[in-house]
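Asker:
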């Protein structure tokens with residue numbers, strides 16, 4: 017029984033608050049020249065809110081949300097309606113019908129866009145709007161809400177009276193009380209957390225207004241004549257004011273002349289719906305299907321637009337309030353729909369007794385809340401430049417329009433991003449062939465050659481997106497890098513593996529880099545760039561000083577082979593190879609009983625990943641490929657073992673399973689060492705066994721040392 021009573025009380029409060037907000041938004045649009053049609057505007061808005069709330073129950077991924085008319089589109093529509101009436105000289109019924117048609121068209125357009133975006137699963141795109149632009153948009157909304165609330169209080173359609181005019185005694189008494197009430201509500205809601213605070217604050221605001229009438233010895237009729245009360249409304253109720261023929265009286269040319277405004281509303285509603293849905297996710301700790309949310313908002317707006325609804329989406333405040341009042345699931349949407357329906361059917365007489373200041377206070381409170389959040393609280397989280405965007409958009413939106421403010425905000429953010437990105441270091445790593453090697457495991461005598469001559473090949477890995485703002489700085493960094501080298505550089509490798517994209521400007525800069533290198537006798541090698549070149553590929557392939565390779569490893573292999581071929585005669589090689597050392601060990605110690613020679617054909621598997629093996633292999637001739645495969649992916653080459661190389665020792669000494677597969681590349685001749693006999697060998701020939709373990713340890717240490725040096729150069733380790 018107690019739960020049922022709590023649900024009933026919660027539904028009543030939640031429904032009435034939803035209706036009050038809806039009427040407040042209608043009052044923003046249907047004011048001034050349209051104030052005589054406010055009752056009809058309220059009727060259309062309430063019917064639309066009923067449709068929005070009910071459709072939301074069946075279409076949203078989270079059923080505990082309320083879809084309702086929103087302040088941002090109401091503000092934009094109010095401005096557009098005033099512009100349209102003034103531009104086309106609309107009056108009377110034509111002015112009202114055209115405004116209602118504009119509101120409906122904006123809702124239908126928002127609905128179609130929302131359904132399309134949701135169906136195509138593009139709702140995530142709204143999350144790419146820069147945060148300062150969103151903050152500026154919401155801040156501007158807050159300031160315009162404050163202006164709208166003041167206009168409701170003084171029954172003005174624009175701000176032509178100026179700030180000084182507000183302090184005229186004849187106007188001061190109209191707006192000062194709602195203004196103070198809104199500030200007090202803001203303070204109370206910020207410092208006190210209670211589910212009944214907002215409803216009770218609205219009741220208190222209405223009572224204070226009645227107290228003011230009593231203090232001024234003013235009857236209700238005198239208060240209405242002075243602009244303090246709504247109405248008078250027809251006692252037959254708002255529902256009777258719905259006229260299906262309204263659209264036939266509209267000036268549709270004036271409606272479609274506001275196409276840019278309608279586009280602004282569509283964009284703002286999709287962004288607003290995404291933001292509010294994200295806010296509800298955080299508030300309730302639930303994950304929403306954002307595409308379904310946007311699709312549901314779209315369908316609700318389309319159907320609501322057919323009955324003249326103001327565009328809407330998730331009402332963050334109403335939804336959270338309903339939840340705090342104990343409502344959940346479908347009851348949340350139903351309470352909003354029921355509150356609007358009750359006012360639509362039975363509330364005309366009651367609304368005629370409500371102070372205009374109550375609804376002005378609601379709008380002012382929403383405006384102050386947004387201004388406080390985005391101009392004060394966010395100031396501590398934003399840097400100076402981002403905060404300047406917020407201020408700039410707020411000023412531009414009030415001075416010109418929302419569309420202009422959004423355009424300027426996006427443009428300013430983009431320019432700032434370009435300058436900031438251009439300052440980033442696009443060089444992911446800089447190394448040379450002494451430390452950065454191909455996947456080939458080479459014997460000691462070849463490594464000595466590469467250690468001696470590897471500086472001749474400089475390797476630069478790039479990252480990020482290269483475009484006009486970064487391409488020039490890349491050229492300057494390459495010049496600085498090469499000028500700082502104290503030895504001759506014969507090759508420069510630019511690796512694009514981690515580059516996400518390049519533009520035409522970058523291609524031109526690469527050609528100029530190639531020219532710079534050619535003058536110094538240095539050849540340019542570009543890796544992993546074929547897809548980026550596109551139609552410009554012939555320009556690079558025909559350049560004799562520029563070489564394009566599919567992968568960085570391919571370029572490294574070619575450079576290693578070139579260096580080894582050129583320098584064998586120049587570098588003295590005295591180191592004994594692993595294979596010759598082992599074969600000498602076998603011959604001297606007569607340990608052939610656990611040594612076996614095996615032959616492999618091309619493509620034959622020597623070892624399977626995950627298998628157990630007690631064998632270590634030495635490559636007499638040929639080549640082995642080491643392949644690692646992740647689930648669902650193609651095998652990846654991680655190393656090549658050439659003649660003279662040792663393989664398989666890691667699995668043995670770690671007592672683990674094989675971490676990779678080993679496959680022959682061409683015909684191979686191998687020495688297979690059965691480590692099951694190692695213990696017997698250690699007992700019979702301890703000196704020889706020691707030499708064998710020393711050889712294996714040296715091989716592992718050599719790999720680790722080279723990897724460590726490479727990590728130092730890549731910045732992965734601190735010295």
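In my numbering, the protein residues as written are 17 to 735.
We put the CB at the ideal spot given by N, CA and C, even for glycine.
None of the values given here were measured: they were computed from a predicted structure.
Please state if the CB of residue 330 and the CB of residue 109 are separated by a distance shorter than 8 Å.
Answerer: No, the pair does not count as a contact, with Cβ atoms beyond the cut-off.
Asker: Taking the alpha-carbon positions, what's the residue 487 to residue 262 distance?
Answerer: Approximately 60 Å between the Cα atoms of the pair.
Asker: How would you call residue 257, buried or exposed, if buried means at least 16 neighbouring beta carbons within 10 angstroms?
Answerer: Counting Cβ neighbours within 10 Å, residue 257 comes out buried, since at least 16 surround it.
Asker: Could you check if residue 309 is buried or exposed, using at least 16 other CB atoms within 10 Å of its CB as the buried criterion?
Answerer: So residue 309 ends up on the buried side.
Asker: Assuming residue 270 contacts residue 68 under a Cβ cut-off of 8 Å, what Cβ separation, rounded to an integer in Å, is found between them?
Answerer: Not confirmed; about 26 Å, so no contact.
Asker: Just to check my reading of the structure: residue 428 and residue 408 have Cβ atoms closer than 8 Å, yes? What is that Cβ distance to the nearest angstrom?
Answerer: Sure, about 7 Å apart at Cβ, within 8 Å.
Asker: Which of helix, strand or coil does DSSP assign to residue 345?
Answerer: Here residue 345 sits in coil by DSSP.
Asker: Between residue 423 and residue 393, what straight-line distance do the alpha-carbon atoms span, to the nearest angstrom?
Answerer: Approximately 24 Å, taken between the alpha carbons.
Asker: On the criterion of 16 or more Cβ atoms from any shown chain inside 10 Å, does residue 435 qualify as buried, or is it exposed?
Answerer: Residue 435 comes out exposed.
Asker: Give me the Cβ distance between residue 410 and residue 84, rounded to the nearest whole Å; I'm assuming they're in contact under 8 Å.
Answerer: Not a contact, Cβ separation roughly 25 Å.
Asker: Could you have a look at residue 448 and say whether DSSP puts it in helix, strand or coil?
Answerer: Of the three classes helix, strand and coil, the one that applies to residue 448 here is strand, per DSSP.
Asker: What separation, rounded to the nearest whole angstrom, lies between the Cα atoms of residue 450 and residue 689?
Answerer: Using only the alpha carbons, I get a separation of about 31 Å.
Asker: Assign residue 207 to one of two classes, buried (16 or more other C-beta atoms within 10 Å of its C-beta) or exposed (fewer than that).
Answerer: It counts as exposed.
Asker: Using a Cβ-Cβ cut-off of 6 Å (strictly less than) and excluding sequence neighbours within five positions of residue 63, which residues of its own chain qualify?
Answerer: Contacts found: 323.
Asker: Pick out the complete alpha helix (DSSP H) segments inside the stretch 207-234, 4 residues or longer, and give them in chain order.
Answerer: Those alpha helix (DSSP H) runs which fall completely within the stretch 207-234 and span 4+ residues are 213-231.
Asker: Enumerate in chain order the residues of its own chain whose CB-to-CB distance from residue 125 is below 6 Å, with the five nearest sequence positions on each side excluded.
Answerer: Within the same chain, residue 125 has close Cβ partners 278 and 282.
Asker: Closer than 8 Å is the cut-off here; do at least three beta carbon pairs connect the stretch 113-125 with the stretch 345-359?
Answerer: Cβ pair count under 8 Å is below three, so no.
Asker: Do you know how far the Cα of residue 673 is from the Cα of residue 647?
Answerer: Their backbone Cα atoms lie some 17 Å apart in a straight line.
Asker: Which value, in whole angstroms, describes the spacing of the CA atoms of residue 135 and residue 307?
Answerer: Spanning the two alpha carbons is a distance of roughly 7 Å.
Asker: May I ask you to verify whether the stretch 235-245 touches the stretch 196-203, counting CB pairs closer than 8 Å and requiring at least 3?
Answerer: Touching, no, given that fewer than three Cβ pairs across the two stretches are closer than 8 Å.
Asker: Look at the Cβ atom of residue 414, then the Cβ atom of residue 391, and state whether they are nearer than 8 Å.
Answerer: For residue 414 and residue 391, no; Cβs fall outside 8 Å.
Asker: Any idea if residue 630 is buried or exposed, counting beta-carbon neighbours within 10 angstroms, 16 or more meaning buried?
Answerer: Exposed, since its Cβ has fewer than 16 Cβ neighbours within 10 Å.
Asker: To the nearest angstrom, how far is the alpha carbon of residue 526 from that of residue 77?
Answerer: Roughly 50 Å between the two C-alpha positions.
Asker: Return the chain-ordered ranges of every beta strand (DSSP E) run that is complete within the stretch 392-450 and spans a minimum of 3 residues.
Answerer: Listed in chain order, they are 443-448.
Asker: How long is the line joining the alpha carbons of residue 1 and residue 152, rounded to whole angstroms?
Answerer: This structure cannot settle anything about residue 1, because the visible part of the chain is limited to 17 through 735.
Asker: Select from 704, 373 and 506 the residue whose C-alpha is nearest the C-alpha of residue 473.
Answerer: Checked all of 704, 373 and 506; the closest Cα to residue 473 is 506.
Asker: Which word fits residue 619, buried or exposed, when buried means at least 16 other C-beta atoms lie within 10 angstroms of its C-beta?
Answerer: Residue 619 comes out exposed.
Asker: Excluding sequence positions up to five away, which residues of its chain have a Cβ less than 7 Å from the Cβ of residue 174?
Answerer: Confidence at residue 174 is low in this model, with a pLDDT of 43, below 50, so its placement is unreliable and no value can be given for it.
Asker: What number of angstroms, rounded off, separates the C-alpha of residue 591 from the C-alpha of residue 463?
Answerer: Only weak support exists for where residue 591 lies, its pLDDT of 43 falling under 50; the value from the coordinates is given anyway. Going from the Cα of residue 591 to the Cα of residue 463 covers about 10 Å.
Asker: Residues in the same chain with beta-carbon distance under 8 Å from residue 714, minus the five sequence neighbours each way, listed in chain order, please.
Answerer: Within the same chain, residue 714 has no close Cβ partners at all.
Asker: List the whole-angstrom C-beta distance separating residue 276 from residue 419, where the pair is believed to meet the contact cut-off of C-beta under 8 Å.
Answerer: With 8 Å as the limit, residue 276 and residue 419 qualify as a contact, their Cβ atoms being about 6 Å apart.
Asker: Could you check whether residue 246 and residue 50 sit closer than 8 Å to each other, using their CB atoms as the reference points?
Answerer: Cβ distance not < 8 Å, so residue 50 and residue 246 don't count as in contact.
Asker: Please report the straight-line C-alpha distance between residue 229 and residue 220, rounded to a whole angstrom.
Answerer: Each residue's alpha carbon lies about 14 Å from the other.
Asker: Can you give me the C-alpha to C-alpha distance between residue 216 and residue 222, rounded to a whole angstrom?
Answerer: Spanning the two alpha carbons is a distance of roughly 10 Å.
Asker: Where does residue 82 sit, in a helix, a strand or coil, going by DSSP?
Answerer: Looking at residue 82 - three-state DSSP - the assignment turns out to be coil, as it is neither helix nor strand.
Asker: Tell me the rounded alpha-carbon separation between residue 289 and residue 677.
Answerer: Computed Cα separation, rounded: 52 Å.
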